[in-house]
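FYI, in my numbering the residues of the sequence shown are 172 to 534. No residue lacks a Cβ here, since even glycine has one placed at the ideal position from N, Cα and C. One structure is given below, encoded as structure tokens.
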Amino acid sequence: MKSNRVLAVFQITLIIICGIGVWQFTNSDDVQDTGEIEVTDSNGVKHNFEEYPTRVAITNTYAATVMRMLDIDDSLLVGISGDFYDQNLWPELSQKPLIQQSAHSEIDFESLLDTRPEIYVVFATNGMVDTGAIRDKLEPVGIKVIALDFYKYDSLRYEIDVLATLFGKQAQRDVLFDEFDSIESMVSERFTDLEENERPRIIMEHHASLTRDPVVLTGTSQWTDIIHRAGGVNLYEDLPGHTTHVDMEDILDKNPDVLMFDGITFDIGFNAYDESDSCSSHMEHIEGRPGFENMDAITNDRMMILSGEFAGPMMIHGLPTIAKILHPDLFDDVDSELYLDNYFTKYHDVDRIGKFVCKSTEV
């Protein structure tokens, strides 16, 4: 009888101790209430993980760049696209198994499955990538499709936070965001006394304009935010969407002070030098448009082409460069090139090489 009472006391004590342990675990700051890692990507799709992913397939350099900015180990990447061809910038990743030719091309599903990824990181809203169709094919075979862009200013921090949460890099995220805040504050302080009529009126054309009638960057484009933060005004910011076609006559009627061009398809950027002088050819083409010879942006030599890096995770570090081009008098003491240099040395561990901006004489 006595032994039964001792056993009962022991069992009750064990239950209490276990209960306290469970309470401490579930209330710890190190785990979520559900005991899982949960993130919501830019398509609004929720993803749950019991632990941090260790096998990741990735096809665009923007996502890989953010991984570096958060100090997420490159060794987690098991499959890449042909966009990682530059061995100067991607020495290890360029040797990884190829699962598609580019971020915009068809997936080689056999090669992808051979890499056995847990997650596949893909663009969320890029018009050339059918994210929904990719999700429909990969989710049933156990590969979670995480949709993130990293090329839209208004969602950049949110998407960085998603990756930070997914890989437990919140401390690195906070340091990165402090750096963003510092750069943005430095630029915005220069515009404290800037009047609205002192902001150059800007039209920015999309790279699709190279082969079609003018396509301009509009309201929800990241360029609208960047142009405003750099001290300008996007004359098409009131139009909906990311891009839209416009008539030549409409551009002429607006008579912009500055013409900007998205240079993602030009041979400029890291380790690219525009050796064929495509920038000059393009500007001559613009000058040759009927009626453009009298446009303020043309007569005052205020055109510039920006490399694709300015439209990705480098956009904050690139902000001083654009602001100084638009307002040289307000940034005469700012070494805007240093921000670009630091971006590459700090996050890519390489010296910056290449031509990043093409501009007409004055801009």
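CA-CA distance, S380 and S447?
Here residue 380 refers to the residue found at position 209 of the sequence shown. Here residue 447 refers to the residue found at position 276 of the sequence shown. Whole-angstrom Cα-Cα distance: 19 Å.
When the Cα of A295 is compared with those of N442, S326, Q266, which residue comes out closest?
Indexing the sequence shown from 1 puts residue 295 at position 124. From the listed residues N442, S326, Q266, the smallest Cα separation to A295 is found for S326.
Mapping DSSP to helix, strand and coil, what is V417?
If you number the sequence shown from 1, residue 417 lands on position 246. In this structure, V417 counts as coil in the three-state DSSP scheme.
Here's a check: name, in chain order, each residue in its chain whose Cβ is nearer than 6 Å to the Cβ of I469, leaving out the five neighbours to either side.
Translated into the one-based positions of the sequence shown, residue 469 becomes position 298. The residues are E458, F463.
Measure the C-alpha to C-alpha separation of G250 and M299 and round it to an integer number of angstroms.
Start at 1 with the first residue of the sequence shown, and residue 250 comes out as number 79. Start at 1 with the first residue of the sequence shown, and residue 299 comes out as number 128. Their backbone Cα atoms lie some 20 Å apart in a straight line.
CA nearest to the CA of L347, picked from L284, M238, E263:
Position 176 of the sequence shown holds residue 347. Of the listed residues, the one whose Cα sits closest to L347 is M238.
Sequence-distant residues of its chain with Cβ nearer than 8 Å to P461 (five each side left out):
On the sequence shown, position 290 is the one that residue 461 refers to. Result list for P461: M419, in chain order.
Got a sec, what are the start and stop residues for the beta strand (DSSP E) G434 sits in?
Numbered from its first residue, the sequence shown carries residue 434 at position 263. Looking at the DSSP string, the run of the beta strand (DSSP E) that includes G434 is 429-434.
Determine the DSSP secondary structure at V358, reduced to helix, strand or coil.
In the sequence shown, the residue the question calls residue 358 occupies position 187. Reduced to three states, the DSSP call for V358 is helix.
Is the beta carbon of I331 sitting closer than 9 Å to the one on P224?
Here residue 331 refers to the residue found at position 160 of the sequence shown. Here residue 224 refers to the residue found at position 53 of the sequence shown. No; because the gap between Cβ atoms is not below 9 Å, this pair is not in contact.
In the DSSP assignment, what are the bridge partners of E458?
Indexing the sequence shown from 1 puts residue 458 at position 287. According to DSSP, which records beta bridges pairwise, E458 is partnered with nothing at all.
Let me know if I400 comes out buried or exposed under the rule of 16 or more other beta-carbons within 10 Å of its beta-carbon.
The count along the sequence shown starts at 1 and reaches residue 400 at position 229. Sequence inspection shows Arg at residue 400; the Ile mentioned does not correspond to that position. R400 counts as buried, since no fewer than 16 other beta carbons sit within 10 angstroms of its beta carbon.
Please report the straight-line C-alpha distance between D520 and D257, rounded to a whole angstrom.
In the sequence shown, the residue the question calls residue 520 occupies position 349. In the sequence shown, the residue the question calls residue 257 occupies position 86. If I take the Cα positions, the gap works out to 14 Å.
Could you check how far apart the C-beta atoms of V292 and I305 are, in whole angstroms? I think they sit under 8 Å.
Locating residue 292 in the sequence shown gives position 121, counting from the first residue. Locating residue 305 in the sequence shown gives position 134, counting from the first residue. Your pair V292 and I305 does not check out as a contact, with CB atoms roughly 11 Å apart and the cut at 8 Å.
Whole angstroms is fine: what's the gap from D512's alpha carbon to L319's?
Here the question's residue 512 lines up with position 341 in the sequence shown. Here the question's residue 319 lines up with position 148 in the sequence shown. D512 and L319: Cα-Cα distance of roughly 26 Å.
C-beta atoms of F535 and N259 nearer than 9 Å:
Residue 535 falls outside the range modelled here, since the chain spans only 172 to 534, and no answer is possible.
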